[in-house]
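Colleague:
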Amino acid sequence: MTQRASASYRRGARFAGTVIAAHGRHYLVALENGSAMLQCFPRGKKSEVAVGDYVSYEQESADQGVLVEIGERRNLLYRSDQFKSKLFAANLDQLLIVLATEPHFSEDLLGRALIAAEAHGLKSLIVLNKIDVEGALPLARERLAPYRELGYTVIELSAKMMPGDVHPQLDARLKDRSTILLGQSGMGKSTLVNLLVPDADAATREISSALNSGRHTTTFTRLYHLPDGGALIDSPGFQEFGLHHLTEGQLERAFADFRPYLGHCRFYNCHHLHEPGCAMLEAVEAGKIRPERHALYAQLIHEASQIVR
Ligand SMILES: Nc1nc2c(ncn2[C@@H]2O[C@H](COP(=O)(O)OP(=O)(O)O)[C@@H](O)[C@H]2O)c(=O)[nH]1
Ligand SMILES: [Mg+2]
Ligand SMILES: [Zn+2]
Numbered sequence: 364m365t366q367r368a369s370a371s372y373r374r375g376a377r378f379a380g381t382v383i384a385a386h387g388r389h390y391l392v393a394l395e396n397g398s399a400m401l402q403c404f405p406r407g408k409k410s411e412v413a414v415g416d417y418v419s420y421e422q423e424s425a426d427q428g429v430l431v432e433i434g435e436r437r438n439l440l441y442r443s444d445q446f447k448s449k450l451f452a453a454n455l456d457q458l459l460i461v462l463a464t465e466p467h468f469s470e471d472l473l474g475r476a477l478i479a480a481e482a483h484g485l486k487s488l489i490v491l492n493k494i495d496v497e498g499a500l501p502l503a504r505e506r507l508a509p510y511r512e513l514g515y516t517v518i519e520l521s522a523k524m525m526p527g528d529v530h531p532q533l534d535a536r537l538k539d540r541s542t543i544l545l546g547q548s549g550m551g552k553s554t555l556v557n558l559l560v561p562d563a564d565a566a567t568r569e570i571s572s573a574l575n576s577g578r579h580t581t582t583f584t585r586l587y588h589l590p591d592g593g594a595l596i597d598s599p600g601f602q603e604f605g606l607h608h609l610t611e612g613q614l615e616r617a618f619a620d621f622r623p624y625l626g627h628c629r630f631y632n633c634h635h636l637h638e639p640g641c642a643m644l645e646a647v648e649a650g651k652i653r654p655e656r657h658a659l660y661a662q663l664i665h666e667a668s669q670i671v672r
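If you want our numbering, it's the position in the sequence shown, counting the first as 1, plus 363.
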């Protein structure tokens, strides 16, 4: 694949590239033409660089660079709690949310991923993997039916038992786009990556050693180039998906099922929590918005109000 940018360099020479992996304050930057990659560090203490960022760096030594500029971002996907935020990736087109028939997937995490995507203007694709596990399939389908009704695409796969279906189902949707894979561990993300990215294992080992001078780890976010164009970003599994940074206005608009009722509440500044004449609450009452979705909204509003400023 790539080689490290070690051959000949001029100290202080500037290069531009894409951040393809991040681990703590270590970033791996691939040159624009993909010919080489170099480990880089941010100049200051604070590192706010994400995988997918376009950056320029100055080469300091044969195997190290310093990031000097982050290019303008189309978007930045991150999660946050009361105290800190964690960056997923920048300059994305879509989320590929990987769920499975078993283990039981968290609907809370699914809901949060969809809201994060909507709030950042990103498309979401939902993959239901392991459809070969027939006993668990009906329930998984039933749990996903409301999301199909909301207009989300649900793609059923068995990455392990029917690997031949993966390319026909996903290639056109991934081509020339930057896609981040999100999912709890055990859902089949790695299995999917290995099908979609030729030599993914070798690439991971190479990234891991370049990033960490040999220390192997899989707990970093990394970007793979897809053979037909586009990028696939794999992130470590996560348990929490806090969205403390979203404002009330962003939240209410991020719920696709709320949109028909926005602006129809009695009070223009309605919080849709317990106000009289609230169009959202009436829609819940009338069975037009699922109570679970309203509960997620209320929970996210609650979390957003906890932010320490
Ligand atoms: N039955 C079944 N098992 C699968 C499928 N895809 C992945 N697995 C298995 O599920 C486990 C977790 O897969 P992995 O790709 O490591 O998941 P990750 O933690 O999301 O990266 C492994 O034992 C895989 O072999 C599938 O389509 N069907
Ligand atoms: Mg994995
Ligand atoms: Zn309301």
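In this text, a Cβ means the ideal position worked out from N, Cα and C, and glycines have one as well.
Since Phe618 and Pro599 are thought to touch, with beta carbons under 8 angstroms apart, how far apart are those beta carbons, to the nearest angstrom?
Modeller: Phe618 to Pro599, Cβ: 28 angstroms. No contact.
Colleague: Spatial neighbours of Glu615 within its chain, please: C-beta separation below 7 angstroms, excluding the five flanking residues on both sides.
Modeller: Excluding residues within five positions, the ones whose Cβ falls inside 7 angstroms are Phe621, Leu625 and His635.
Colleague: Looking at Val461 and Asn492, is the spacing between their C-beta atoms short of 8 angstroms?
Modeller: yes
Colleague: Does the pairing of the stretch 505-523 with the stretch 424-431 give three or more beta-carbon distances under 8 angstroms?
Modeller: no
Colleague: For the alpha helix (DSSP H) that contains Ser553, what are its first and last residues?
Modeller: Looking at the DSSP string, the run of the alpha helix (DSSP H) that includes Ser553 is Lys552 to Leu559.
Colleague: Using the Cβ count rule (16 or more neighbours within 10 Å means buried), how would you classify Arg373?
Modeller: exposed
Colleague: State the DSSP-derived secondary structure class of Glu465, mapped to helix, strand or coil.
Modeller: Coil.
Colleague: Which complete alpha helix (DSSP H) runs does the stretch 578-647 hold, if anything under 4 residues is left out?
Modeller: 611-617
Colleague: In whole angstroms, give me the CA-to-CA distance for Cys403 and Leu391.
Modeller: 6 angstroms
Colleague: Is His389 helix, strand or coil by DSSP?
Modeller: strand
Colleague: Less than 6 angstroms between C-beta atoms, sequence neighbours within five positions excluded: which residues of the same chain meet that for Val496?
Modeller: Thr464 and Glu465
Colleague: Hey, which residues come within less than 6 angstroms of ligand 1, measuring from Cβ to any heavy atom, in chain order?
Modeller: Asn492, Lys493, Asp495, Val496, Ser521, Ala522, Lys523, Met524, Gly546, Ser548, Gly549, Met550, Gly551, Lys552, Ser553 and Thr554
Colleague: Are there three or more Cβ pairs, one per stretch, closer than 8 angstroms when the stretch 587-598 is compared with the stretch 545-564?
Modeller: Flag = yes, the stretch 587-598 and the stretch 545-564 touch.
Colleague: Quick check on the DSSP output: the alpha helix (DSSP H) that includes Val414 runs from which residue to which?
Modeller: No alpha helix (DSSP H) contains Val414, which DSSP labels as neither H nor E.
Colleague: Consult DSSP for Gln669 and reduce its assignment to one of helix, strand or coil.
Modeller: coil
Colleague: With hydrogens ignored, establish whether the beta-carbon of Cys641 is closer than 7 angstroms to any heavy atom of ligand 3.
Modeller: With a cutoff of 7 angstroms, Cys641 counts as near ligand 3, since its C-beta is closer than that to a heavy atom of the ligand.
Colleague: Within a Cβ cutoff of 8 angstroms, which residues of the same chain sit near Ser548, ignoring the five residues on either side of it in sequence?
Modeller: Gly600
Colleague: Taking the C-alpha atoms as reference points, what is the distance between Leu500 and Phe378?
Modeller: 50 angstroms
Colleague: According to DSSP, which residues form a beta bridge with Pro405?
Modeller: BP columns for Pro405 point to Leu430.
Colleague: If we ignore side chains and look at the alpha-carbon of each, how far apart do Glu611 and Glu505 end up?
Modeller: 30 angstroms
Colleague: Taking Cβ positions, are Val490 and Leu459 nearer each other than 8 angstroms?
Modeller: In contact: Val490 and Leu459 (Cβ atoms closer than 8 angstroms).
Colleague: Using only the alpha-carbon positions, how far apart do Ile478 and Ala393 sit?
Modeller: 31 angstroms
Colleague: Inspect the beta-carbon positions of Met400 and Ala563 and report whether they are closer than 8 angstroms.
Modeller: no
Colleague: Check Glu395 in the structure and name its three-state DSSP category.
Modeller: Here DSSP, grouped into helix, strand and coil, assigns Glu395 to coil.
Colleague: Do the CB positions of Asp456 and Leu488 come within less than 8 angstroms of each other?
Modeller: no
Colleague: Is it buried or exposed, Ala452, if we count other Cβ atoms within 10 angstroms and call 16 or more buried?
Modeller: Looking at its Cβ environment, which holds 16 or more other Cβ atoms inside 10 Å, Ala452 is buried.
Colleague: Output needed for His657: all residues of its chain with C-beta closer than 6 angstroms, excluding positions within five of it in sequence on either side, in chain order.
Modeller: Val647
Colleague: Hey, out of Ala649, Ala413 and Ala476, whose CA is closest to Gly380's CA?
Modeller: Ala413
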